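So the sequences go chain by chain: A and B. Numbers in the numbering used here are just positions in the first sequence, counted from 1, shifted up by 165. Numbers in the numbering used here are just positions in the second sequence, counted from 1, shifted up by 47. All C-beta atoms in this analysis are idealised placements derived from N, C-alpha and C, irrespective of residue type, glycine included. These numbers come from a predicted model, not from an experiment. A short worksheet on the structure shown next.
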Amino acid sequence: MAGGYRQQPGASSGETRKDGKRVAGKQKFPPPGSGGSRPNMGPRDLDSIPESVGGKEPQPAGSHIHDRYRTGTEVGKPRALVDSYAKVTGQAWYGDDVRLQNEIIGKILRSPYHYAKIKSIDTSKVEALPGVLAVATGADAPNTFGVLPVTKDEHAMAVEKVRHVGDLVACVAAVDEATAMEALNLFEIEWEVLDPVFDPRKGLEDQDEPIHWRGKYHVGTTNVQKRVFQEFGDRSLVADPTASSHGKWRMEGVHHGFTEPHAVVAHWDPNGRLQLYTPQQVPHYAHRALSTVLEVPMHQINVIRTFVGGGFGGKSDPFPHEMCAAILSRKAGRPVRITFSREEVYWINRGRHPSYIEVKMTADDEARISGFDIDALIDGGGFASFGHVTSYYNGVLATAPYELGSFHYTGARVWTNKPASGAMRGHGAVNTRCAVEVGLDEMAEQMQVDPIDLRLANLLPPHSRTISGFRITSNGMRQALERVREGSDWDKKFRQLPLGKGIGIGCGFFISGSGLPIHWDPNRFPHATVHIQIDMDGGVTVHTGAADIGQGSTTAVAQVVSEVLALPIEMIHVRSHESDTSPVDLGSYSSRVTFMNANAAIRAALDIREKLLNAAWEMLGYHPDVLVLNDRRIYYKHDPAVGVSYLEALHKAQEDKGSLISSGAYRSPPMGGVHKGAAAGLAPAYSFSAYVAEVDVDVETGLVSCTNVWAAHDCGKALNPLAVEGQIIGSCHMGLGQVLSEKMVYGRTGHLQNPNLLEYKIPSVHEMPHVTPIIIESSDPEGPFGAKEAGEGPLLPILPAVVNAVYDAIGVRIRTLPLSMDVVWKAISSKTRSLGGIEATELPSPRLEHSLLQQTLVERGTQHRERDRRRQRSEDTSAYVNGVLFGFDPDQPLEDQVEGWKSAVEPVPEQLAELGLAGKAWLKKEQRQMGGDK
Amino acid sequence: MGEEYVKMTPPAAHTIWSAVVNGQMKQAIAPSNAILLDVLRDEVGMLGVKRGCDLGTCGCCAVLIDGEPRLSCLCLAGQVQGQNITTVEGLAEGAHLAPIQTCFATHGGSQCGFCTPGFLMSAEALLTVNKNPSRNEISCAIEGNLCRCTGYQQIIDSIEAAAAIKRGEAPALAPASNPHPNPHPMGPEEPSMPPGHAR
């Protein structure tokens, strides 16, 4: 196809006059959008078109429903993020970079007490200070808000009492920062200091003055915010185990550590509408909360998402400072900018919950996993935030990827007088996943089998149903395990390395989008909506509410539209910043954006594609089925010379209509069980990952350094492999921080002692191991071009992989995170003492002699490998039911086959005595008789 | 709080600060104890210099002072009076992006992008003195910068690629899928500043 076809409609753009001079010719349409400096159609990229539709891209996981719409333009190619050029030139505008005319500066007065009642606030001196333009206190915003509709327990500023040091008390706006800071000193407040609670275990006990009052759902007079009980399966299998592991874990809270501190600019425009600029992952929830708190209809608020300097879950709540800025701006009549210092970022927190986790696991005589028994007590801090969901996720996301005989979970989240915990990358799943994977490692050791073979012989296959009723579609867990085993040379290293060097394995399982939109009925409204608009110039404007927080959601949406329409990605312009122009979107959390938004974008693009093809049909006389879209041209399949340019087809399609507009939506299919809490953890697809980590442990100092990681993640289909690899490596970095160095240190007095990046130890470039990212593509049947999430799941396996590797290196199991030097050294020295006071350098390294079970596992793994391969490619997608491995008939309800098969969401009275730490929350009664909100 | 009210910020005399910022003489009236970061962002308008921690721990505010990388949050404006300051806005050569900028985009060195200006300045300083840095040397050059998104690996890749371009061993990269010799090839995703932004 040398030379190609000209994209430009109409005559040649130039002609030669009689005198020999070339002049510009007459054009039917102006050139923009028609190809610019690339006037000719590029060749079809067969390497990026799937085999099933005649291309050369291999499809080991079979064909996909979207294959027909692949044009080889963008999908699967490593691409720079579309907004990265704004970032490398310093032009990306983050929260604090929004400087409006006549702006003033807002500052927040924060509580000096952990827990206190505010008896009175006198603001007269503040108001008298020259330069102060507005002052606001809790009385200005009495309405409560919260990210979840069921737990609205936050105020813009403390209304009755403050709940942690750093809780918002009042705010002030002044002409400059210095004056605003001065003003904070002038508030006169009378306090009544109350007894604070810091230890989440104390939160389970009754208290005179609970931190919040939940009306009829209140559990005793404790600080329990949410309690969960779930039991599934055949509990009799747990008795008489061949191997068992019982671990009690203590995990510290960690913070997202995004580099951009929170910042917000509020401006009531001359028409009386609020324009709020904020780096939000979930602008829509902020939008709703603002409307509630300010008592202004949502359509009078325009939430403008600035560029977001890292989110990781930490910018997904509606925040009180956003309300403060709006209130101050309304009072002062000028734009108000509030920027947090790094310390304030830690006061608002929403990081991972500090947790006490207890896991009991058993395996039977065939090394099948007969039971998981998880108890998780999580410390929610002062507010509910996402905690309702976190309480579930701590248990239910451990029900896969393994086939379980039984599952038992008790969880509780308590309020304490600390900055609120919330959602953070790997939401709720990270800590229990670590505990579970380390438990498996311990059981493997007891049974003298290889932990990878133990896992390979107990996996759920593709298209299966977990013990709690989650529907798993594509599943690349097995390939992931096999690839990291091969890549890391596992069989030559595991249990064979010298003292101080170790290698460990960990797996992960995570949701790809929450199956239930929080604020509305999924049967009535879709999860995501995307609008596409094409005007005469041919440029494609995509409107989406997906919040790009650096993960590349804008790029993903642009890529899929570009792929469907076969247009260069420069012609796709994604508008996602303003709620005025974006369709409602749930935002960037629970790893939903690629799956849901890209699916919605594909649907919208398909609508446009159909209109273009119909126009081409009319012009060419060939049915759309035999027309091919390729690089700004539509042509007859068997003769590329017969065709029309994209612009010609577009203009034909636009006749009588003007611009082409389409809307696409995504909603998840009906799925899941009916028990209470069945929706938690439900997702249209799940991602899987397996990591092998290599560590060096200095046995004399306890210093652990991770040197190598082989990271395999099943993301369905890598729309942009560069971005997926970036997510995998970045997840490793964040997970390594949690497992090796990061913790929020609360001292004896309950004060957060390290609210800065100097003492809160984020790994620097020197602590970072070499990560080999391995992308597994299992082609999810419902994902956009087969894609699933890659943003959160890759974080989970790094923690257990490192903990297991540390055991391999020194033979000591440590169940306190992070594995900082003091923790490891203490564990080593107690081990050396127990061995009769030997030197640390004489510690025995763990070694492995395979037992007979190993052979059984390898054989079962091989059989299952074949089973999985068949299931992955088969047309039949009826679910494999958890329990078949234990000899149950998949076609019969399990309740009918197994005596004692359970599906319970509340403990029976005789169970109460044996419940774990968090389970103790069930000893209290809900205060139903008391009713009402206090 | 009953005690006598004490003014928190001691008054400081305002002085005229001047320096060459990205090749242009800039003047500002600022307190004599003003921090360089504040002056660059608020007075000069170089908003590409980011404030991450105010404590010299994150490296987002790195700028070049006479070619040397320095954290502007730990530097008094008065200390660099009259010197040459380069910020991320001054990296591009006229209409052409510096290789380091293009490589950060094409090799995944920038995800959320907030730490990017700081990394670019550290990397640029390294590449000026070391044309062929090893991965370890690159690590040492960026050890003062924190990135929470990328895990550094793709940042090191980006710097290696830029070094190769600077040495002439690799062709200057046209930004992905666009051959225009245009500094902002695809244009920022949306207008680069919100309406009403004072430039």
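Item to check | Nearest-angstrom beta carbon gap, A/Pro-483 and A/Ala-454 [assumed within contact, 8 angstroms] | outcome: 3 angstroms
Next on the checklist: Closer than 7 angstroms between beta carbons: that is the criterion. Which residues of the stretch 100-118 of chain B meet it against chain A?
Outcome noted: Cys-100, Asp-101, Leu-102, Thr-104, Cys-105, Cys-107
Next on the checklist: If I measure Cβ to Cβ from B/Gln-148 and keep anything under 7 angstroms in the same chain, skipping five residues before and after, which residues do I get?
Outcome noted: Leu-138, Ala-139, Leu-167
Next on the checklist: In whole angstroms, give me the CA-to-CA distance for A/Pro-566 and A/Asp-1056.
Outcome noted: 21 angstroms
Checklist entry - Counting contacts by CB-CB distance shorter than 8 angstroms, is A/Glu-1060 in contact with chain B? => result no
Checklist entry - Under 9 angstroms Cβ-Cβ, which residues of chain A neighbour B/Thr-163? => result Ser-249, Lys-252, Val-253, Gly-255, Ala-257
Item to check | CB contact below 8 angstroms: B/Val-135 versus chain A | outcome: yes
Checklist entry - Got a sec? Which residues, its chain only, sit under 6 angstroms from B/Ile-212 by beta carbon, not counting five neighbours each side? => result Pro-146, Ala-219
Checklist entry - Based on the DSSP secondary-structure assignment, which residues constitute the bridge partners of B/Gln-74? => result B/Ser-65
Checklist entry - What's the gap between the Cα of A/Ser-1039 and the Cα of A/Val-554? => result 35 angstroms
Checklist entry - At what residues does the beta strand (DSSP E) containing A/Asn-919 begin and finish? => result Neither: A/Asn-919 is in no beta strand (DSSP E) and is coded neither H nor E.
Next on the checklist: Please classify A/Ser-289 as buried or exposed, where buried requires at least 16 other C-beta atoms within 10 Å of its C-beta.
Outcome noted: exposed
Checklist entry - Can the beta-carbon of B/Thr-153 be found less than 8 angstroms from the beta-carbon of A/Ala-245? => result yes
Item to check | Chain-ordered chain A contacts of B/Thr-197 [CB-CB under 7 angstroms] | outcome: Gly-891, Ile-894, Gly-895
Checklist entry - Is B/Ala-247 near B/Gln-128, with beta carbons less than 8 angstroms apart? => result Nothing in the structure corresponds to residue 247 of chain B, since chain B is present only between 48 and 246.
Checklist entry - Does the stretch 347-363 of chain A come within contact of the stretch 325-336 of chain A, defined as at least 3 CB pairs closer than 8 angstroms? => result yes
Item to check | chain A contact for B/Gln-71 (CB, 8 angstroms cutoff) | outcome: no
Checklist entry - According to DSSP, is A/Phe-950 helix, strand or coil? => result helix
Item to check | Cross-chain neighbours of B/Ala-66 in chain A, by beta carbon under 9 angstroms | outcome: Per Cβ cutoff of 9 angstroms: no residues; B/Ala-66 is ~18 angstroms from chain A at best.
Item to check | Nearest candidate by alpha-carbon position, reference A/Pro-849, set A/Asp-945, A/Phe-505, A/His-878, A/Ile-799 | outcome: A/Asp-945
Item to check | At least 3 beta-carbon pairs within less than 8 angstroms: the stretch 874-887 of chain A vs the stretch 178-194 of chain B | outcome: no
Next on the checklist: Below 7 angstroms on C-beta distance, what does B/Thr-153 contact in chain A?
Outcome noted: Ala-245
Item to check | Spatially closest choice to A/Pro-277 from A/Gly-255, A/Ala-693, A/Val-330, by CA coordinates | outcome: A/Val-330
Checklist entry - Along the chain, which unbroken stretches of the beta strand (DSSP E) at least 3 residues long are found entirely within the stretch 844-871 of chain A? => result 851-863
Checklist entry - Is A/Thr-720 helix, strand or coil when you go by DSSP? => result helix
Item to check | DSSP three-state assignment for B/Met-93, whether helix, strand or coil | outcome: coil
Checklist entry - If the cut is a Cβ gap below 8 angstroms, which residues of chain B does A/Phe-423 touch? => result Cys-159, Phe-161, Arg-195
Next on the checklist: So the candidates are B/Glu-115, B/Phe-161, B/Gln-126; which of them puts its Cα closest to the Cα of B/Ala-170?
Outcome noted: B/Glu-115
Next on the checklist: Can you find the residues in the same chain that come closer than 7 angstroms, C-beta to C-beta, to A/Pro-938, ignoring five residues on each side of it along the sequence?
Outcome noted: Ala-876, Glu-890, Ile-893, Ile-894
Checklist entry - Across which residues does DSSP place B/Thr-104 in a beta bridge pair? => result None, per the DSSP bridge assignment.
Next on the checklist: Quick check: what's the CA-CA separation for A/Val-447 versus A/Glu-610?
Outcome noted: 44 angstroms
Checklist entry - Using the rule of at least 16 other Cβ atoms within 10 Å of the residue's Cβ for burial, across every protein chain shown, is A/Lys-657 buried or exposed? => result exposed
Checklist entry - DSSP three-state call for A/Glu-146: helix, strand or coil? => result With chain A covering only 166 through 1099, there is no way to say anything about residue 146 of chain A.
Checklist entry - Would you report the Cα separation of A/Ser-741 and B/Cys-100, rounded to the nearest angstrom? => result 28 angstroms
Checklist entry - Quick one: does A/Gly-671 have its CB under 8 angstroms from some CB of chain C? => result Of the protein chains in this structure, namely A and B, none is chain C.
Checklist entry - When burial is assigned at 16 or more other CB atoms within 10 Å of the CB, is A/Lys-381 buried or exposed? => result exposed
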